[in-house]
Every structure is written in structure tokens, then in C-alpha cells.
């Protein structure tokens, strides 16, 4: 019996090389766990039928000692908005329920080359719009720590799969917290890389100037292993960058806390207490911790949502029922669009399309879209200046632990406010990582809380190093 | 905002909405817009000229890297309606 609970990529890799078990054994262990647990968690939309064949191919590769990487034979879960050629990629939407991807995303190509085993595609909020996986057209994902609560979102399936040992690692995507928030809710580690670090080619676009693909794992080291495989400039994504990686790291990083922002209205006492405790521990490591004030940070959420609605409504124009996806017939060709989009999109997607259409309409463009871009620059500038002085900025990942399923579904604005701590990193394009930092006890259940670390672009490495220290403190 | 504004936006976005959806969106959208309105408070010294992204003309050679026809079937298989290898749509004129 393989102990999946304490398994890491490097431990699994060692065991595979030593022949303690095979990739097929490992994959079977995960499949058994999925069978046992996923009925009540619903992290997956599909388990691929050829999983064991993939594992067998990885075993052959190990046996031949041919191009064996740390990820060879490692079972990975993939968010449903990342394309794997020939397989369904639905973004948890009815409009793409039966859509088969026609090419591999760059991250998938890289993982295939590394020999990873794709277990299946994970549940998410439809088109990555939401924060609880309740907007999936195919049912909600339950939090493994308390089945009555959400797993978070939008990469809720990926985070829940890792937390419940139904995958060793998973890919997610993060537009405004969609990797970090579910990672925090599920008690796992999640990284949103800096904008442009990882190619978005083959990721269904939500808001193109915000989206990044990243990894979710039980440990910072697992997340780092996957990140180092998927990072890199790609000519198929013009926004991907050649990174100027920060080489020499300060062994005792200088840390800043935006104290006024951390104690914003709506942030729960347990979160602030747990945060303060973590900061005391970090001070114990000999790190210098200072407070910092960002004048424009309080406008982050308003700026973020204005821009995101605009970009999402533009990106979703491609779903019209003509070339692929759901088609509903009307009287005329134009009516086909109206009917296909009505039947294919869920409530939150439609809401955002309408909002984005409003924001981009000629009469309101300057007041909303353009103004938000100006404020975005100011927020970015705040961070740029801050990172001249400090190495890491720390804040909580979320203002509270996971909420109950259904609790916020009828009040979209309330749900948006949950993203207060995660959206700034996307606005400024910074790498940000959530690492478990404690628990909040509610009705005898221990609900995980997360600490969020931000660094300057190109310096994901310092996040991994700091996260490893934090893991050791717990 | 009124119901007719929601209808106009839905028309522009090519989405049919039910009466119930229109009512719900009218309420939600008004609340959300009044929240994001706070960005209007921000005063800037640099003026409010039109902003665009920083990337300009990132180009690559437009070359065919696959064997011609290699992906034709995977693409045409996704067509909701087709005739031979052609995408079938309704009469435009």
C-alpha cells in the first residue's frame, strides 16, 4: 500500500527508480482513492479512460532509463480549461460540453515530454468565473475538510483533488486568485506565476491580461518541480516573457506587510490572529518585517472587476455555436447566436458578459475601462517601488476560511469581495503563492487558512524558499 | 439602469435573456456598478489620456508547421453542422 498522504514528487520519483512500485501501481493507488472519495467530493469531471496506458508508457520509459524526469509517471490532474488534444475540454460549461480539444496547450506539451500521467480533468467555475466552483454547469465541488463547504474556485476541483490525495499535483489557472484561494481553502500550496512566466497557449482565455497557469501541490517543493517544467517563453503566446531570473537571494529576506489592507473591513478575526502568529514566527527566523502602505491598494477589487468584465466579455464572443460547441437553431443565422449563447452559458457568465459590454460601450469606456487601466498602473507602480526596498510582501490569502455551499450564491458582489487579497498580484502581474498557515475551528471542523507571499516578477524562487521555511514552522 | 438598458446590452452581446434573468441582472448589475464606481474617486496627476497595453506588434513568422491536412479532421469534427469538409451555416442574404 503506497502512503499517498505523505507522498511528494521526489519521494515518488525515488521509489519508481528503485522499483519499490511502478507507475501503474502508483496510478492505481490514486484511481482507488478517486473511486472511494470522489463520489462525495466531485473534484473530477472525467477520469481519462487511458490512464493506465499512460502509466504503462511511463513505466517503459523508466525501465529503458530513457529521458526520465522528476515528473515521469507522476499522476497529475488538469483543470478543465486547459487543452489536451483529442480530449474533452469544457471549461465546465454546457456550451463546450462535448468539445474535443484540437491541440495541446504548451504546458500539456511540456508535461507530456516530461512523462506525466494525466488522471483526468477537474471541476471549476464555468469559464473560470467565480470563486467557489458553484458556477460549474456540472455540479459543485465539496471541500475535503468539510463536505458542506466549498472547495473554493475557480480551480476548486484541482485543489480538492490534491487535498484528498486524488492526484499528486494539479494544474490550475489564476485570473484573480483562482489557484491561491482554493489552495488556501483546501489546505494545499498553490502558485500563480508572474504574468508571462508560463505560456497561456491552449488555456481558454478568461481575462487575457490577468490569466496564468500554475501548479497546486501538497508542498512548495512539488509546486516548484511542476513550475520549473512549465515555465518559459513560448512563441505561441506573445505575452510570455524571457525571464530575468533573480539569481542571488537574500538568505534572510526583507518582508513587508500592508497592515492597513490586511485589517480591511470584512476580514475575520481568526484570519488576522492566525496571520499575526505566522508573522511572529517569521520574525523568529531572523527576517526583518516592516509595515508598508499602498495608497491605491484599496481600489484593487473595483479596478480588477472592471477590467476583467471587459476582457471576459470580449473573449467570450468566440462562443457563438458556429464552428464548435453547442449549437441551438433559430430562424436566422443571427438568431442562432442568441439561442446558442442563451442555452450554453450559465448565469454568472451571462452576467459578466452584460457587465463587460456595458463597460466597453462607447459612452462609458473612459469612465470605467480606461480609468481602471490608469488605476491599474498606479497599483503596479506601488508594488514596483515597494520591491525596491523589500523581497517579499505577505498578506492572508483570503479574508475567511471556506464558506458553506450556497451561502453566497445569490449575492455575486459578496462573492467578489472574497477576492480582496488575491487580485492585486494579478493586477500587477506578480508571482504569488499561498501556503497553509493554520486552521480556523468551526463546529468541530478544522478549516485551513493560507498565507500569501508575493515577490517581484521573475522571483518565484524566493516564494518557494520562504514557503518551505513556513512549512517547517507548522 | 433600467430593463430596457439590460435588453440593449443583451442585444449587443448576442444573448437571449428570459424575463426573470433580465430582472435579476438589473439588480445585480446596478449593485456591482455602484461598487466599482469607487475607481472614479481616484484623481491622477498624469491626466486621463487613453491607455493601452504595453505590448506592441509582437510578431512571428506565419508559417505552416504541420503537414497540410493533418489537423483538418480534428477541426471539422467539431463543426456543429457540416457538408463534406465545409461548415454549414444558414443563408446570410
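Residue numbers (our numbering), protein chains in the order written: chain A, 8 to 481; chain B, 1150 to 1242. Even glycine gets a Cβ: it sits at the ideal position worked out from N, Cα and C.
Item, Value
"Element boundaries [beta strand (DSSP E), containing residue 164 of chain A]", "Residue 164 of chain A -> not in any beta strand (DSSP E); alpha helix (DSSP H) instead, spanning 163-170."
"Residue range of the beta strand (DSSP E) that includes residue 378 of chain A", "From DSSP, residue 378 of chain A is part of no beta strand (DSSP E) but of the alpha helix (DSSP H) over 378-396."
"Residue-chain proximity (residue 346 of chain A, chain B), Cβ-Cβ < 8 angstroms", "yes"
"Chain A within 8 angstroms of residue 1217 of chain B, Cβ atoms only", "no"
"Cβ-Cβ distance between residue 253 of chain A and residue 479 of chain A below 8 angstroms", "no"
"Any 3 or more C-beta pairs closer than 8 angstroms across the segment 346-353 of chain A and the segment 394-401 of chain A", "no"
"Residue 86 of chain A to residue 316 of chain A span [Cα, whole Å]", "22 angstroms"
"Which listed residue (A/57, A/74, A/58 and A/456) has its alpha carbon closest to that of residue 24 of chain A", "A/74"
"Collapsed DSSP secondary structure at residue 225 of chain A in the structure displayed", "coil"
"For residue 181 of chain A, the residue or residues it bridges with in DSSP", "A/219"
"Alpha helix (DSSP H) segments (min. 4 residues) lying fully within the segment 264-347 of chain A", "266-269, 276-291 and 307-322"
"Below-8 angstroms beta-carbon distance, residue 28 of chain A vs any chain B residue", "no"
"Alpha carbon of residue 95 of chain A to alpha carbon of residue 333 of chain A, nearest angstrom", "13 angstroms"
"Chain-ordered chain A contacts of residue 1235 of chain B [CB-CB under 9 angstroms]", "Result: empty, since nearest Cβ-Cβ is about 12 angstroms, beyond 9 angstroms."
"At least 3 beta-carbon pairs within less than 8 angstroms: the segment 329-344 of chain A vs the segment 298-316 of chain A", "no"
"is_contact[residue 1242 of chain B, chain A] using C-beta, thresh 8 angstroms", "no"
"CB contact flag (residue 247 of chain A, residue 203 of chain A, <8 angstroms)", "yes"
"Unbroken beta strand (DSSP E) run spanning residue 445 of chain A, endpoints", "439-449"
"Buried versus exposed call for residue 1150 of chain B [16 or more other C-beta atoms within 10 Å across all chains shown]", "exposed"
"Run of the beta strand (DSSP E) containing residue 157 of chain A, from where it starts to where it stops", "153-157"
"Backbone CA spacing between residue 344 of chain A and residue 1165 of chain B [nearest angstrom]", "9 angstroms"
"For residue 173 of chain A, the first and last residue of its enclosing alpha helix (DSSP H)", "Per DSSP, residue 173 of chain A belongs to no alpha helix (DSSP H) and is neither H nor E."
"Where the beta strand (DSSP E) through residue 52 of chain A begins and ends", "51-54"
"Buried or exposed by the 16-neighbour rule on C-beta atoms within 10 Å, applied to residue 1221 of chain B", "exposed"
"Reference residue 284 of chain A, options A/273, A/458 and A/453, closest by Cα", "A/458"
"Between the CA atoms of residue 249 of chain A and residue 92 of chain A - distance to the nearest angstrom", "26 angstroms"
"Interface partners of residue 374 of chain A on chain B, CB under 7 angstroms", "1189"
"Proximal chain B residues relative to residue 329 of chain A, where beta-carbon distance stays under 8 angstroms", "1229, 1236 and 1238"
"Euclidean distance between Cα positions of residue 50 of chain A and residue 378 of chain A", "39 angstroms"
"Residues bridged to residue 93 of chain A (per DSSP)", "Note: residue 93 of chain A sits in no beta bridge, so no partner."
"When A/299, A/260 and A/293 are compared against residue 269 of chain A, the one with the closest alpha-carbon", "A/299"
"C-beta neighbour in chain B for residue 245 of chain A, strict 8 angstroms", "yes"
"Which of helix, strand or coil DSSP assigns to residue 86 of chain A", "strand"
"Separation of residue 117 of chain A from residue 167 of chain A, as counted between CA atoms", "24 angstroms"
"Sufficient close CB pairs (3 or more, under 8 angstroms) joining the segment 364-376 of chain A to the segment 114-134 of chain A", "no"
"Residue closest to residue 78 of chain A, alpha-carbon to alpha-carbon, out of A/407, A/194, A/237 and A/417", "A/237"
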